[in-house]
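So the protein lines, in turn, are chains H and E.
Using the working numbering, you'd call the opening residue of the first sequence number 8 and step up by one each time.
Using the working numbering, you'd call the opening residue of the second sequence number 330 and step up by one each time.
The C-beta atom is built at its ideal place from N, Cα and C for all residues, glycine as well.
None of these values were measured; they are calculated from a predicted model.
In what follows, a single structure is set out as structure tokens and then discussed.
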Amino acid sequence: MEQGRAMLLKVEQVEKSYQSGAARVAVLRGIDLALAAGETVALTGESGSGKSTCLHLCAGLDRADAGRIAVAGQDLSGASDATLARLRRDTVGLVFQQFNLIPSLTVAANLAFQARLSGRHDADWAARLADRLGLSALLDRYPEQLSGGQQQRVAIGRTLAARPALILADEPTGNLDEATGDSVLDLMLELVAETGAGLLMVTHSTRLAARLNRQVHLRGGRLA
Amino acid sequence: MWRVALSALLSHWRRHPLQLATLLLGLALATALWSGVQAINAEARASYARAAQVLDQDRLDSLVPARGLTHIGQDVFVTLRRAGWQVTPVLEGQWSRAGNSVLVYGLDPFTAPAGSLPDAMQGEGRIADFIAPPGLAYAAPQTVEALQGVAGLPPLVATRGMAPGMLFTDIGIAQTLLRAEGRISRLLILPDQPLTRPALTDIAPALERRAPLQQADTAQLTGSFHLNLTAFGFLSFAVGLFIVHSAIGLAFEQRRAMFRTLRALGVPLRVLVGLLAAEVMLLALAAGLVGVALGYAIAAALLPDVAATLRGLYGASVSGSLALRPAWWLGGLAMALAGAGVAGGQSLWRLWSLPLLAPAQPTAWARASARALRWQGAAAGALAVIAVLAGVYGSGIVGGFLLLGALLISAALALPGLLALMLGGAARLARGPLAQWFWADTRQQLPGLSLALMALLLALSANIGVGTMVSSFRLTFTAWLDQRLPSELYVTARDMAEAQRLHAWLEPRSDALLPIWKVEGTVLGGPAEVYGVADHRTYPDNWPLIVGRDDVWQTLARGQGAIVNEQLWRRAGLSLGDAIPLPGGAARPLVGVYADYGNPKGQVIIGVDDLTGLYPDVDRRRYAIRTDPAQVPGLKTALVDEFGLPADNMIDQGRVKEISLMVFERTFLVTGALNVLTMGVAGFAMFTSLLTLSTMRLPQLAPVWALGLTRARLARLELGRALLLAALTMIVAVPVGLLLAWVLLAVVNVAAFGWKLPMHVFPTDWLWLGVLALAAAGLAAAWPAWRLARLSPTALLKVFADER
């Protein structure tokens, strides 16, 4: 962590478990993590190690059983659903493995969607993003008319268009072939650097993880 | 945020216009049938209210003839006025000529209550024209139109706001028209009376004071008919709601991923649910407006037949044209909103309770849920118990409809479970991989199609039930008419003197001359007619008795008993031997009960000598003539030659039967029309379900296609599946429909009309209905199957590409 930068994400002794049949399975057993503005961190681990759970907790999509998570100074522990929704809308940007575009909106509308939702839509910035992401010729198409790589570029553009302070990406290249995944990640890292956002990216590829500032590894519910 | 989120939600409909059309059309159709029926009911009730308000009769007490008298003499009116009683005379009677019939209402404009006369009478010189021959008659515009060119009536003046089928004229003119010189039907007591006046018992002991006429007479009699219509309207609405439920549910399922994304991107759950609720209400409002407009068209098309039915069955006059009343169109919109709320409520609740990280794949529509089937089965069982309890302990028409409702919903809820059992059995018997896949896949499709199949079951059962009821009624009614109308010719003299001459002339020229004489009055608390019958073999030979002593007809001839119609028997809960109190105070023991289909009033029959003894001034102008049928035309000609008797005063047996059957057919014309419309709605429900499901079927069909089945063969299998499910639903619908018919014949009819009918079954009709159901299912499945057959391989391959 670099000194002097604002702390965007602080995770302290967070625990989370799930009920699985009759048994309760502990997924996170007291993890600590911190991420500053402009920093990129890869969260790696084997399947089922709790990477996605950790990301969901940081995004306020789920609640921790114990411990504390703060995003941009906002403690998520006791926050209401409305507060968590506002946080996701205004501060956090999410990139999913499954893209999660809105199928009934065009590429242009999808790109602008979160920025408009948070009231930070900037048409010039959206146009530049579309250009950088190679989507300018596809703006009138619908998601179903795009390839997987193109869809993920739209999903990344949607997140960056809103200029969030913290980007949480859950295996953003997991659904793409290696070459496409590399080019998408290149673009994402480039644009993240441009916007000065912090990035926490879940991946199980050590090759991709190596391209970020820092790597943390989850094993047995704890950060190694 | 609201605007952006709403535009994202609404964008779904832009991309799925067919689904939007389905939802709007389903709700519009449901609303249309409901509001159409309500429009008819509202129009009829308004007509009854207008009729009851004539001359403020719904407010004023009246004086009526007592002790079995049929009318009041004009001298009694004069005596009362001279004694200070502020009363006004009314003469009321049916005037008929050349197939036209109208209720003539005679009044005295000088003593009638202020403000109760038609506005059109207030003009200068109008009163003089009104009272001086030929007088004037005021009537509703449609009545004036219907009577154009009919001879024998005073000049007609069209007046808005009057009840249809009614003429207002001066009492003197009315007495001439009705051949009732010097007669008054009743005297209305005006509100302002002098402080002192002689007691009624002293100056007019032959009169009885009555409370104001309620709308009761007509409204009560027709209440059951309107309830029947309402029940049918509600059934259609319920069938329509299946479409709406299906369309809304599907739209929610398809957007599950979008909901999750919206929430992940920061749209709060409350905002999302609020927006979706607003979306549902907005769509309901749009569909409701279309539905109300369609309902107006349906009502306008059906109203003339309903008016004819009400006139034929109950003698109630209902306007044949429709007014736009806020009560029903607002009610229609409210039903559309409530229906959409009910249909969307479950989906909204699911969304509210859905964890943000729940899987986003559409599941409910595509995956069989054994738990849901168990719940549905339990609810069906509970409703079946309610139906049995309503059948055993319920009473009246409300009990009957509770039984019907519980029975139908129970059957509908049990259907998916029954079909799953049948398909499971077929799958176990299947040999070969394709057959096994077909049965397993059909069973998997069941949850997605179950709503449409339930709608189809309701429509088919209603069709079988109502069809069996109508056909049973028709069979019984025609057989009953053949028995009940044995006389070859019916004649009515114009006055008593002519009646005596006719009697003398006809007696040697006929096999028998049977009086048809009656008085009207109140029997056991309700309006009734008391007839006298001659001691002649015609009656024991032809009148079917439901129950009766062996010597019924001899007892009547001796003046020692009375028989009553089934309606009065059931309504009053009578047993043989009970005393029947007759108008005027006499009573006779009950010795028999006869069927009297189609008559809303109670009826009592005693011996003709008994009748003339009890009511000496009974109208004796009408006779039934027994003769050789071949003699009837000659006899009619001779009656015209000898007496100048108008054609309307002679009616032969064939014509009476023809009129009765016409009334019968018209009575059930509306029911038949609603039946067809409900079937149409159910067919549409099936079509929309198959069409929307077809878009979600590709992941299941693509692997089978890849394994070697052609698209055309898959399409044929899809078509076969729809036909199979429709056929299985039809098989379930037959026993449900028969049960429904039994409830209609043995419970609802008895409560609504007062008669019970034997049930007959018509398997050929079921066969036709089965063919119709298969045709509807085939048509519904044809387009989705055609689309599948022409689907490009790229679209099927995309399924595998998406799986990467």
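Check, Outcome
"Proximity test, Cβ basis, 9 Å: isoleucine 38(H) and chain E", "no"
"Status (buried if at least 16 other CB within 10 Å, exposed otherwise) for aspartate 69(H)", "buried"
"Length of the line joining the Cα atoms of leucine 968(E) and tryptophan 872(E)", "28 Å"
"Meets three-Cβ-pair contact criterion under 8 Å: the stretch 1063-1072 of chain E and the stretch 885-900 of chain E", "no"
"Cα-Cα separation between alanine 613(E) and leucine 356(E), rounded to whole angstroms", "7 Å"
"Collapsed DSSP secondary structure at lysine 930(E) in the structure displayed", "coil"
"Counted within 10 angstroms of its Cβ, other Cβ atoms place serine 1018(E) as buried (16 or more) or exposed", "buried"
"Members of the stretch 65-97 of chain H that neighbour chain B once the beta carbon cut-off is set at 8 Å", "You won't find chain B in this structure, because its protein chains are H and E."
"Reduced DSSP category for leucine 1101(E) - H, G, I as helix; E, B as strand; rest coil", "helix"
"Pairwise C-alpha distance: serine 801(E) and phenylalanine 1091(E)", "9 Å"
"Residues of the stretch 339-367 of chain E whose Cβ lies closer than 7 Å to any Cβ of chain H, in chain order", "Ser340, His341, Arg343, Arg344"
"Own chain residues within Cβ distance below 6 Å of alanine 13(H), not counting five before or after", "Ala44"
"Threonine 530(E), buried or exposed, once every other Cβ within 10 Å from all chains shown has been counted against 16", "exposed"
"Test item: CB-CB of glycine 1066(E) and serine 739(E) under 9 Å", "no"
"Neighbour list for leucine 685(E) in chain H, Cβ cutoff strictly below 8 Å", "Leu68, Asp69"
"Closer than 9 Å to chain E by CB, asparagine 107(H)", "yes"
"Any chain H beta carbon closer than 9 Å to alanine 337(E)", "yes"
"Alanine 916(E) - DSSP class collapsed to helix/strand/coil", "strand"
"Per-residue burial, glutamine 504(E) [other beta carbons within 10 Å of its own, 16 or more giving buried]", "buried"
"Cβ-based neighbour list, leucine 677(E), same chain, cut-off 7 Å, excluding 5 preceding and 5 following", "Val602, Leu605, Ala606"
"Where leucine 101(H) meets chain E, residues with beta-carbon distance less than 8 Å", "Ala593, Leu594"
"Rounded straight-line distance, which links the Cα of alanine 469(E) to that of leucine 940(E)", "38 Å"
"Member of Leu974(E), Gly1107(E), Asp925(E), Leu611(E) whose CA lies at the smallest distance from the CA of glutamine 812(E)", "Asp925(E)"
"Check whether alanine 133(H) and arginine 95(H) have beta carbons under 9 Å apart", "no"
"Cβ-Cβ distance between isoleucine 726(E) and alanine 1081(E) below 9 Å", "yes"
"C-beta atoms of leucine 516(E) and phenylalanine 406(E) nearer than 9 Å", "yes"
"Check: leucine 579(E) C-beta below 8 Å from any heavy atom of the ligand NAD", "The ligand NAD is not part of this structure, which contains no ligands at all."
"Of the listed residues Leu1108(E), Gly1009(E), Ala1002(E), nearest to valine 325(E) (C-alpha basis)", "Since the displayed chain E opens at 330 and closes at 1133, residue 325(E) lies outside it and no answer follows."
"Neighbour flag for threonine 590(E) against chain H, beta carbons, 9 Å", "yes"
"Exposed unless 16 or more other CB atoms sit within 10 angstroms - verdict on threonine 210(H)", "buried"
"Extent of the continuous alpha helix (DSSP H) to which alanine 783(E) belongs", "The identity of residue 783(E) in the sequence shown is methionine, whereas the question assumes alanine. Its alpha helix (DSSP H) spans residues 762-813."
"Among Val1076(E), Ala1014(E), Pro1064(E), Ala1105(E), the one whose alpha carbon lies nearest that of serine 575(E)", "Ala1014(E)"
"Cutoff 9 Å: alanine 168(H) Cβ touching any chain E Cβ", "no"
"Cutoff 9 Å: arginine 599(E) Cβ touching any chain H Cβ", "yes"
"Supposed close pair leucine 666(E), glycine 617(E) - CB separation, criterion 8 Å", "6 Å"
"Min CB distance glycine 227(H) to chain E below 9 Å", "no"
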